[in-house]
Amino acid sequence: MRIQDMHPEVIGSAAIQGGFQGTAASSAVPSFQHFAQVPPSWLVLPFVLLLLMIATGPLFYHRFWEHHYPKVSIGLGAIVAGFYGFMIDGGIEVLNHTLQEYLSFIALIASLFVVSGGILIRIENRGSPFTNALLLLSGAVLSNLIGTTGASMLLIRPYLRMNAGRLKAFHVVFFIFIVSNIGGALTPIGDPPLFLGFLKGVPFFWVLSKVWFVWVVTIAMFIAVFMLLDARVGQNGVRVTENKGGLQIKGMKNFLFLGAIIAAVFIDPAVISAIPSLQKMFHLPFGIRELFLTGIAVSAYLSSDREALKGNEFNFEPIKEVALLFFGIFATMIPALQLIAGYASLHAGDFTVTRFYWMTGFLSGVLDNAPTYLNFFAGAAGKFGIDIGQIADVRRFADGIASPVAGDVASDVYLMAISIASVFFGALTYIGNAPNFMVRNIAAQAEADVPDFLEYIFKYSLPVLIPVFFLLWLLFFNY
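Numbered by the numbering used here, the letters in the sequence shown go through residues 1321 to 1799 in order.
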């Protein structure tokens, strides 16, 4: 059966299971089970309201938002969860899969946050256009080895210390652009959608072989713009001390914990068949991977170098805010994802590469980019008569299948467009990717000049990101 011939509720509810965070990722689409009916369109309103309050709360009603954002987030999430639980056929199972994804998401980013907090990196160089650009480039490369969250948590504090006294808002913003998002586009470890593609059968080094040139061009453009802006700052009245060029690291043993986290990412029945699924065996909302990650986080915190934690001014406030806000986001975005999945599945046959690129991108900027990637991946595969539940078919799709439409491009171009858009466009908003929000909170605690939600979009995302993404489309995906 072709995917575009299926009912939207089938692919929509199944797609919600997918993601780097979800241990059910391997079974997200192959079963195509009818978990829930199509939700009413008005059920998207709690998600829209939550986004509006995240954007306007810190700006217009700061005191209320600071004290009551947990109630707002949980309350709006409870409205959607209650509707699914009592009014939607199969809604309980949808909620269960969403809870699995949320717990996996929190286990991963919390463990990375705790482990990196015990690694104190001191770079004995003052911030300058060259040294900052070198750190951002290093972070972009590192994102592919330990993920965008890992690289962001490891480097944001030394980056802020390097530029103490000369920090501007764009320093934080470009760190989010380059290290927290675009950098991690070369490997499945780098960003959640790519790991999901790997679980579905996309070869591990496929992304690197296909998009390295696009990645290099994009990183080069952003670093060039950053250096021009940074050159205008100078030292901003800060007394310049001798640059020794040294590097001091406290808490080196935490790198072992960091390696354990990356290894734990692959503890998935889809990767290693011998690993049992706790969800299936005991109906738990978490798997062995989440237990490993939690154990790593606790062990790392208890054994971390106290001086390193103190030097990083480590506290749990950033991860607490992310956990509470994303609880509401995960719950309220369920109907939005289902409606989008239904639309994609029914209209994928008419979609061009251009439409896949822009729709995947913009929706990844405001929704979880992993299921967004999955929905459009399934739609693009369906256009070529491919079922992404079959690993052999996915590999053929990634290698490139001639389009059934005359004059159209091969299937691998579609997958390139969807892969790049789902990762790159995560930089559009603070909620586009988990490390965005965490970097913002850590920078704010360090009393850096951090743009609010709307300022980030209108002053940086729209005038900086969109022109670059438009150029990428013009050069590579204008089909």
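C-beta: ideal position from N, C-alpha, C; glycine also.
Just so you know, these numbers come straight off a predicted model, no measurement behind them.
Unbroken beta strand (DSSP E) runs of length 3 or more, entirely within the segment 1494-1552: which are they?
Scanning the segment 1494-1552 for uninterrupted beta strand (DSSP E) segments of 3 residues or longer gives nothing; none is fully contained.
Kindly indicate the opening and closing residues of the beta strand (DSSP E) around I1706.
For I1706, there is no enclosing beta strand (DSSP E), since its DSSP letter is neither H nor E.
Helix or strand or just coil, what does DSSP make of I1592?
coil
What does R1442 pair with, by DSSP beta-bridge criteria?
Q1568
Please report the straight-line C-alpha distance between P1755 and L1644, rounded to a whole angstrom.
15 Å
With 16 other CB atoms within 10 Å as the buried threshold, where does A1594 fall?
exposed
Take the Cβ of S1351 as the centre, count every other Cβ of all protein chains shown within 10 Å, and call the residue buried at 16 or more, exposed below.
Interpretation of S1351 is limited by its pLDDT of 33, a score under 50 that renders its predicted location unreliable; the figure taken from the coordinates is listed afterwards. Result: exposed.
Output the distance between the C-alpha atoms of F1533 and A1737, rounded to the nearest integer angstrom.
Between the C-alpha atoms of F1533 and A1737 there is a straight-line separation of about 13 Å.
Return the first residue and the last residue of the alpha helix (DSSP H) that L1363 is part of.
No alpha helix (DSSP H) contains L1363, which DSSP labels as neither H nor E.
Run through DSSP, which three-state label would S1624 get?
coil
Here's the rule: buried if 16 or more other CB atoms are within 10 angstroms of the residue's CB, otherwise exposed. What is T1674?
exposed
Could you name the residues of the same chain whose beta carbon sits closer than 6 Å to that of R1477, not counting the 5 residues immediately before and after it, in chain order?
N1632
Can you give the Cα-Cα distance for Q1353 and L1456, rounded to whole angstroms?
Reliability fails at Q1353, whose pLDDT of 37 lies under 50, so the model's placement of it is uncertain and no value is given.
Could you tell me the boundaries of the alpha helix (DSSP H) in which I1777 lies?
Segment: none, I1777 is in no alpha helix (DSSP H) and carries neither H nor E.
Do A1668 and A1700 have their C-beta atoms within less than 9 Å of each other?
yes
Rounded to whole angstroms, what's the CA-CA distance from V1349 to A1484? Just pull it up for me.
Any reading at V1349 must be qualified, since the residue scores a pLDDT of 36, below 50, and its modelled position is unreliable; the value itself is stated next. Distance between the alpha carbons of V1349 and A1484 is about 48 Å.
With the cut-off set at 9 Å, would you say G1402 and S1739 are in Cβ contact?
By the CB criterion at 9 Å, G1402 and S1739 fall outside the cutoff.
Assign N1635 to one of two classes, buried (16 or more other C-beta atoms within 10 Å of its C-beta) or exposed (fewer than that).
exposed
In the structure shown, what three-state DSSP assignment does H1382 receive?
Helix, per DSSP.
For my contact list, P1605 and Q1357 are in at a C-beta cut-off of 8 Å; report their separation, rounded to the angstrom.
Rounded, the Cβ-Cβ distance is 23 Å, inconsistent with contact.
At which residue ranges does the segment 1656-1712 contain complete alpha helix (DSSP H) runs of 4 or more residues, listed in the order of the chain?
1673-1684 and 1689-1703
Assuming A1718 and P1523 are in contact, meaning their beta carbons sit under 8 Å apart, how far apart are those beta carbons, in whole angstroms?
6 Å
With a cut-off of 8 Å on the beta carbons, I'd call A1656 and V1364 a contact; round off their distance for me.
5 Å
Is I1751 near L1371, with beta carbons less than 9 Å apart?
yes
Go through its chain and collect everything with a Cβ distance to M1547's Cβ below 7 Å, but skip five positions before and after it.
Within the same chain, M1547 has close Cβ partners P1449 and A1453.
Return the Cβ separation of L1465 and I1426 in integer angstroms, given the expectation that the two are a contact with Cβ distance under 8 Å.
Actually they are not in contact, since the Cβ atoms of L1465 and I1426 sit about 22 Å apart, beyond 8 Å.
Is it right to say F1658 is buried, meaning 16 or more other beta carbons lie within 10 angstroms of its own, or is it exposed?
The question names Phe, but residue 1658 in the sequence shown is Gln. Q1658 sits buried, since 16 or more C-beta atoms from the chains shown fall within 10 Å of its C-beta.
If you drop the 5 nearest sequence neighbours on each side, which residues of the same chain put their C-beta closer than 7 Å to that of Y1734?
V1673, F1676 and A1700
Given that a residue counts as buried once 16 or more other Cβ atoms are within 10 Å of its Cβ, and exposed if not, what is S1361?
exposed
Classify H1491 as helix, strand or coil using the three-state DSSP reduction.
helix
Skipping 5 residues on each side, what residues in its chain have a beta carbon closer than 7 Å to that of S1779?
A small fix is needed here, since residue 1779 is Lys in this sequence, not Ser. The residues are P1771.
Can you tell me which of L1795, L1782 and F1773 puts its alpha carbon nearest to the alpha carbon of H1382?
F1773
Judging by CA-CA distance, which residue of E1637, T1680, F1790 and D1670 is the nearest neighbour of A1763?
E1637
D1409 lies in the alpha helix (DSSP H); which residues open and close that run?
DSSP places D1409 outside any alpha helix (DSSP H), giving it a letter other than H or E.
Establish whether the CB of S1623 and some CB of chain D are separated by less than 9 Å.
Note that chain D does not occur in the displayed structure, where there is just one protein chain.
With a cut-off of 8 Å, do at least 3 Cβ pairs link the segment 1501-1508 to the segment 1525-1539?
yes
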